[in-house]
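Some notes on the structure that comes next.
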Amino acid sequence: MPGLQHSLTLNKNLDQRARERFTSSMRAWVLTDLAGQMQADYEQASTDAGESHCSGEAVHQFLKNRGLFKWYSSLRCATQELVWQSVLRAIESDPDSVEKIGTAAPPEQGGSLALDDTIALPDYIDTMDVHLMPGNYQGGHSDGAEAGVVYDNGLDVFSFGVMGENLDDIGHSMANFTRLKWPELNPKLIVDVGCTIGHNTVPWKQTFPEAEVHGLDAASPCLKYGHARAEAMGVPIAFKQALCDALPYSDSSVDVVFSSMFLHELPTPFIKAFFNEAYRVLKPGGVLINMELPPNDALGAYAAFYLDWDCFYNNEPFYKDFRDLSYSGLCSDAGFAEQDFFQATMPRFTYVSEAEFARASGADATFDADTGRLSDTITWYAFGAQKSGASR
Ligand SMILES: C[S@@+](CC[C@H](N)C(=O)[O-])C[C@H]1O[C@@H](n2cnc3c(N)ncnc32)[C@H](O)[C@@H]1O
Numbered sequence: 001m002p003g004l005q006h007s008l009t010l011n012k013n014l015d016q017r018a019r020e021r022f023t024s025s026m027r028a029w030v031l032t033d034l035a036g037q038m039q040a041d042y043e044q045a046s047t048d049a050g051e052s053h054c055s056g057e058a059v060h061q062f063l064k065n066r067g068l069f070k071w072y073s074s075l076r077c078a079t080q081e082l083v084w085q086s087v088l089r090a091i092e093s094d095p096d097s098v099e100k101i102g103t104a105a106p107p108e109q110g111g112s113l114a115l116d117d118t119i120a121l122p123d124y125i126d127t128m129d130v131h132l133m134p135g136n137y138q139g140g141h142s143d144g145a146e147a148g149v150v151y152d153n154g155l156d157v158f159s160f161g162v163m164g165e166n167l168d169d170i171g172h173s174m175a176n177f178t179r180l181k182w183p184e185l186n187p188k189l190i191v192d193v194g195c196t197i198g199h200n201t202v203p204w205k206q207t208f209p210e211a212e213v214h215g216l217d218a219a220s221p222c223l224k225y226g227h228a229r230a231e232a233m234g235v236p237i238a239f240k241q242a243l244c245d246a247l248p249y250s251d252s253s254v255d256v257v258f259s260s261m262f263l264h265e266l267p268t269p270f271i272k273a274f275f276n277e278a279y280r281v282l283k284p285g286g287v288l289i290n291m292e293l294p295p296n297d298a299l300g301a302y303a304a305f306y307l308d309w310d311c312f313y314n315n316e317p318f319y320k321d322f323r324d325l326s327y328s329g330l331c332s333d334a335g336f337a338e339q340d341f342f343q344a345t346m347p348r349f350t351y352v353s354e355a356e357f358a359r360a361s362g363a364d365a366t367f368d369a370d371t372g373r374l375s376d377t378i379t380w381y382a383f384g385a386q387k388s389g390a391s392r
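At position 198 of the sequence shown (counting the first as 1) the number is 198 in our numbering, and the numbers step up by one without a gap.
Now the structure itself:
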């Protein structure tokens, strides 16, 4: 069953559960039914007006004053705020267990937590509540793990059951895609950059039990919680506080650099610096794989508008800039050979049979322009490159 199943789940009373369920259902309705009506309205209205639009911006301008667009937008904003409010209420009513999560020594499963209080957070992290999350990932610089609790429980409400048990389907999908696409890889060190609470880091260890798996992030409260969470699940992960533009590894020492839903939250110079770092630390034959939203140059105008909505209305200021970049250009500018670029879409690993996953994520799989719409039929998009060089 999708949703949080691990033992750090907060005790929630019936009212709190009802509030969360209402918020999830409302989001599911807005993102499927109402979104469908908005698209139908756009198609009819643009046909009636004799207009066709060649970019997401043009669609946005055309729709801005239409009732359905306003309705969709205000309900999405309202339900985004409800996500955090419903979770914060549960946290405020159970402060003891939140406190315990941050301070109690987790059971020893062999994982570790290395924080670095000399790291100065970049301004873009420190000055904004991304996707309206109160206090952002660093929880307003609190000492505890509360921001991690907020994120885990909030993402559970936000994603209305489409992200797998313990919100780990992206990690399972990307790890198994990697296992199937590069069967000779045999990774010894896998690094998840921007791991937040490690929900998509854990599946890499479950897929590659022989590998050492690290989860890196800038935000210490999320790492503290992620460490406790992974230990509670019995999965040893090494969590480290680090920035993506200064990966704490020597040259050619890492087999897989992974990121998930990470790049779209970075200003472009940080994205480029991260790609340079990924190229530097990867061994020849190692793989950079990023799960992300698909690029605008691969989408039609309406899909580009739809995915960029968050940039304008959900405190995601870098979303569109990132999706306007050439993803293959990012890889080749960092040093990867052009022919080693890959992009793929895949079904959710934990929702389909392994045979179906293998078929649909194979090398000849086609790109699905609808990828990225949060709905119960979502498929994941990934891109990256294998570092060429001497055989492994
Ligand atoms: C959207 S979350 C990533 C979500 C997660 N990887 C997943 O699979 O759902 C973005 C994360 O990136 C971290 N972050 C932002 N800028 C960073 C940077 N320059 N270096 C390292 N982590 C950063 C934030 O603290 C946050 O935890």
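Just so you know, even glycine gets a beta-carbon here, dropped at the ideal spot from N, CA and C.
Query, Result
"Return yes when at least one heavy atom of ligand 1 lies under 7 Å from the C-beta of D117, else no.", "no"
"Which residues end up in the neighbourhood of ligand 1 when you take C-beta atoms closer than 6 Å to any of its heavy atoms?", "P122, I125, Y137, I170, G194, C195, T196, N200, D217, A218, A219, C222, L243, C244, S260, M261, F262, E265, L266, F270"
"Say whether the region 224-231 touches the region 281-290, bearing in mind that this needs 3 or more beta-carbon pairs closer than 8 Å, one atom from each stretch.", "no"
"Spatial neighbours of P95 within its chain, please: C-beta separation below 6 Å, excluding the five flanking residues on both sides.", "none"
"Rounding to the nearest angstrom, what Cα-Cα distance links I101 and E165 in this structure?", "20 Å"
"Out of E146, R66, N65, L185, state which residue places its alpha-carbon closest to the alpha-carbon of T9.", "E146"
"On the three-state DSSP scale, how would you describe P203?", "helix"
"State the DSSP-derived secondary structure class of L282, mapped to helix, strand or coil.", "strand"
"Quick check: the region 152-162 against the region 173-191, are there 3 or more CB pairs under 8 Å?", "no"
"Counting only runs that start and end within the region 61-99, where is the beta strand (DSSP E) found for 3 or more residues in a row?", "none"
"Can you tell me the Cα-Cα spacing of L293 and S173, whole angstroms?", "15 Å"
"Taking the alpha carbon of V235 as the reference point, which residue from A58, K205, D340 has its own alpha carbon closest?", "K205"
"M291 bridges to which residues according to DSSP?", "S260, A382"
"Is the distance from the Cβ of F208 to the Cβ of L223 below 8 Å?", "no"
"For F160, does the three-state DSSP call read helix, strand or coil?", "coil"
"Three or more C-beta pairs under 8 Å: does that hold for the region 268-277 against the region 30-43?", "no"
"What's the gap between the Cα of E108 and the Cα of D41?", "55 Å"
"Based on DSSP bridge pairs, tell me the residues matched to G3.", "E165"
"Report the rounded CA-to-CA distance for C54 versus A301, giving the unit in angstroms.", "6 Å"
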